[in-house]
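See structure below.
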Amino acid sequence: INWRVSGSPWTFLETSRAHWHKAFAWPWTTAWQPLGQLAHVDAVFWPEAVAGLGGALVIPWMARRLPPMWTALYAASWFIATCSTFWLSIPRFLLVAFPLIALLAWWGRRWWVHVPLVGASVGVLGFYSARFVRGVWAF
Numbered sequence: 326i327n328w329r330v331s332g333s334p335w336t337f338l339e340t341s342r343a344h345w346h347k348a349f350a351w352p353w354t355t356a357w358q359p360l361g362q363l364a365h366v367d368a369v370f371w372p373e374a375v376a377g378l379g380g381a382l383v384i385p386w387m388a389r390r391l392p393p394m395w396t397a398l399y400a401a402s403w404f405i406a407t408c409s410t411f412w413l414s415i416p417r418f419l420l421v422a423f424p425l426i427a428l429l430a431w432w433g434r435r436w437w438v439h440v441p442l443v444g445a446s447v448g449v450l451g452f453y454s455a456r457f458v459r460g461v462w463a464f
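Counting with this note's numbering, you get residues 326 to 464 for the letters of the sequence shown.
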């Protein structure tokens with residue numbers, strides 16, 4: 326689409342660099358950035374840190390429980406989502422990676438995992454819904 330509309334297939338990358346100052350960076354170099362900001366900012370960067378670091382920690386579990394291709398797909402999705410000069414929208418990018426949903430479903434077969442997972446989901450939804458209603462959704 327970029328090539329057809331703007332004449333260059335790299336338009337998205339150029340726009341990201343110009344408007345949002347996003348460029349390629351290794352995940353391990355930018356992982357410390359959200360952690361360092363957690364004490365100084367409100368709840369906007371918490372999900373980025375949790376999803377970015379937690380997303381990396383589930384890869385070994387996926388390797389044991391899911392088909393190798395699914396694990397490779399998720400690992401590539403995580404890598405692409407976190408290869409940026411700063412982390413933004415990591416939870417959104419990882420939640421559409423279906424191997425993560427498959428792993429959560431596998432974990433959720435047990436009631437003692439399912440109930441806290443649903444409770445945490447409802448709590449996070451309520452928290453961010455309240456932020457949205459008050460007009461402090463992000464930044």
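For each residue, glycine too, the CB sits at the ideal point set by N, CA and C. As the structure is a prediction and not an experimental result, all values here were calculated from the model.
Contact between ALA374 and TRP403 is ruled out by a C-beta separation of about 14 Å, above the 8 Å threshold. Shown here, THR355 sits in a helix according to DSSP, grouped into three states. In the structure shown, ALA348 adopts coil according to DSSP, grouped into three states.
Sequence-distant Cβ neighbours of ILE415 in its own chain, meaning closer than 8 Å and more than five residues away, are PRO372, GLU373, ALA376, GLY377, GLY380, ALA406, THR407. Excluding sequence positions up to five before and after TRP462, its CB lies within less than 7 Å of the CB of ARG456, all in the same chain and listed in chain order.
Between LEU391 and ALA427, the CB-CB gap stays under 8 Å. For THR355, the closest C-alpha among the options LEU413, ARG417, PRO334 is that of LEU413.
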